[in-house]
Structure formats: C-alpha cells, structure tokens
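Per this note's numbering: the sequence shown = residues 859 to 1071.
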Amino acid sequence: MFCVVRSTSLLSAAKSILSALIFATTVLAWEMGASAAPSPVMSTGSITSQPIGHYDFCQRRPDECSIHPSDLRPISINQKTWEEIVEVNTSVNRWVKPVSDFDHYGVVQYWNYPDDGMGNCEHYALEKRRELMKKGISPANLLITVVRLPDGEGHAVVTVRTDRGDFILDNLTDQVKNWTQTPYHYLKRQATNDTGRWVDIIQKPTVVASMTN
859 MFCVVRSTSL
869 LSAAKSILSA
879 LIFATTVLAW
889 EMGASAAPSP
899 VMSTGSITSQ
909 PIGHYDFCQR
919 RPDECSIHPS
929 DLRPISINQK
939 TWEEIVEVNT
949 SVNRWVKPVS
959 DFDHYGVVQY
969 WNYPDDGMGN
979 CEHYALEKRR
989 ELMKKGISPA
999 NLLITVVRLP
1009 DGEGHAVVTV
1019 RTDRGDFILD
1029 NLTDQVKNWT
1039 QTPYHYLKRQ
1049 ATNDTGRWVD
1059 IIQKPTVVAS
1069 MTN
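So this is what it looks like as structure tokens:
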C-alpha cells in the first residue's frame, strides 16, 4: 500500500467553529435517525489479512498488538470528548511533517511512531491513536483503518468508534467526519477485541460527500 503524504492546513478559529457545528449536526442527525442515509456505524465482516507494515510494527512492538480490551462499547461522545478528538487530529496534522517511507527509511513500507516529527499516513494514525489512548480512550475505539482514495491510492486513517457513529481522523484534513461523509472506499480495520487482528469492512452503499480541507 502506498500512502498519501500531503500536508494539511493549520488550525483556525473558523475550523474550531466548524467542528462544533459538525458535532451539533451529527448529534441532531443521530437523534432524528435518518433511515435513508448510510449507517453512521461501520459494518465489519470476517477476519482478514494484516497489512504487512502493521505486521512488522507488531514484531517490533508486540505489546502494542496483543491488547484485548474487555469493554467493547463505543465511547460516549460529548462536547468535551469531541473537542479532545478534534484537537489531537489537528495537532498531530500540524506537528508531523509529511515524508514517504522510502525517503524516510529507504523502504516502501515502515509503520512507526513519528517520534522524529516525520512520517506518512500510518505514522499520523499511530500517533493520534497513542495520544487519544493517553486521554483514556480504549484501543477498542481507536482503530487504524485502511482505505482507498478516489484515485485508487492507498491510505490509512483512524476510526473512532462512538455512540454517535464512527468518525475518521485523517492527515489530509483537520475536519473530523463521520465515515459516510468521506469519499473513501473502506477496506479493513483493526478488530475491536484484538489490536493485532484485522477485519473486513462491509462497504457503505454510496459515497455521500466529498472531502474538503
């Protein structure tokens, strides 16, 4: 899988307001239960292959890939939690400088934490997951997810499971969106009950929105 390394725009007051509006709109849509829309929660299927980059990462850090959370309930979302999620997404997008694995490590695929402040989409995803786990969010609700962009290029994001739906943390945008509001084709993600296993994603019927920064 090749990974997108484009940078994002900086955090602004307008984006903070937009994030609050997205949260409010999401809550309203959930409560109204728009039955005609694709589900705000991903449907997953059977166990599938683990990305080679994640497999290598697990060999180096087995403690990261052997977690079996006991509580698999989605996180209860509120304005404070939402703001923390948005802040982590934006701060990591600003801090990490985009670079390909080949330019960075001399290999095509190398998943790692961006402790040197550099990396590609998997590095962004791992760092966001780590930061949100520090804030008390269970790894069952922070799932690295492999997708394809509209042009067919591979990409990695973080899916945050909440009681308001599944939201995407992405290095290509500071906006945190429900998965149905992204233009991606979803392939697989980490299993909720085992950080070292991956499951297929049953694709939503249609793409319902395009991505904007």
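Quick reminder that beta carbons are idealized off the backbone N, C-alpha and C, glycines included.
Helix, strand or coil for residue i per DSSP?
| i | result |
| --- | --- |
| S949 | helix |
| P956 | strand |
| V966 | coil |
| I943 | helix |
Who pairs with residue i in a beta bridge, going by DSSP?
| i | result |
| --- | --- |
| D850 | This structure cannot speak to residue 850, because the chain is shown only from 859 to 1071. |
| S901 | I1060 |
| I1002 | V1016 |
| I925 | Answer is none; I925 lacks a bridge partner. |
| G1023 | T1020 |
| I933 | T1020 |
How would you write the range of the alpha helix (DSSP H) that residue i sits in, first residue to last?
| i | result |
| --- | --- |
| I910 | I910 to R918 |
| L990 | C979 to K992 |
Could you check where the beta strand (DSSP E) with residue i kicks off and where it finishes?
| i | result |
| --- | --- |
| A1014 | G1012 to T1020 |
Check whether the Cβ of residue i lies closer than 7 angstroms to any heavy atom of the ligand GDP, and answer yes or no.
| i | result |
| --- | --- |
| S949 | No copy of the ligand GDP appears in this structure; indeed no ligand is present at all. |
(message) Going residue by residue through the segment 1030-1059, where are the continuous beta strand (DSSP E) segments of at least 3 residues, counting only ones entirely within it?
(response) 1031-1036 and 1043-1049
(request) Check whether the segment 1030-1038 touches the segment 989-996, counting contact only when three or more Cβ pairs, one atom from each stretch, lie closer than 8 angstroms. (result) no
(message) If contact is defined by three or more beta carbon pairs under 8 angstroms, each pair taking one atom from either stretch, is the segment 943-954 in contact with the segment 912-927?
(response) No: fewer than three Cβ pairs fall under 8 angstroms.
(message) Whether or not the segment 962-982 and the segment 1049-1061 are in contact is what I'm after, with contact meaning three or more pairs of Cβ atoms, one per stretch, closer than 8 angstroms; do they touch?
(response) no
(request) Decide yes or no for the touch test of the segment 931-938 against the segment 994-1012: beta carbon pairs closer than 8 angstroms, at least 3 of them. (result) yes
(message) Whether or not the segment 1040-1056 and the segment 900-907 are in contact is what I'm after, with contact meaning three or more pairs of Cβ atoms, one per stretch, closer than 8 angstroms; do they touch?
(response) yes
(message) Count Cβ pairs between the segment 907-914 and the segment 957-975 that sit closer than 8 angstroms; are there 3 or more?
(response) yes
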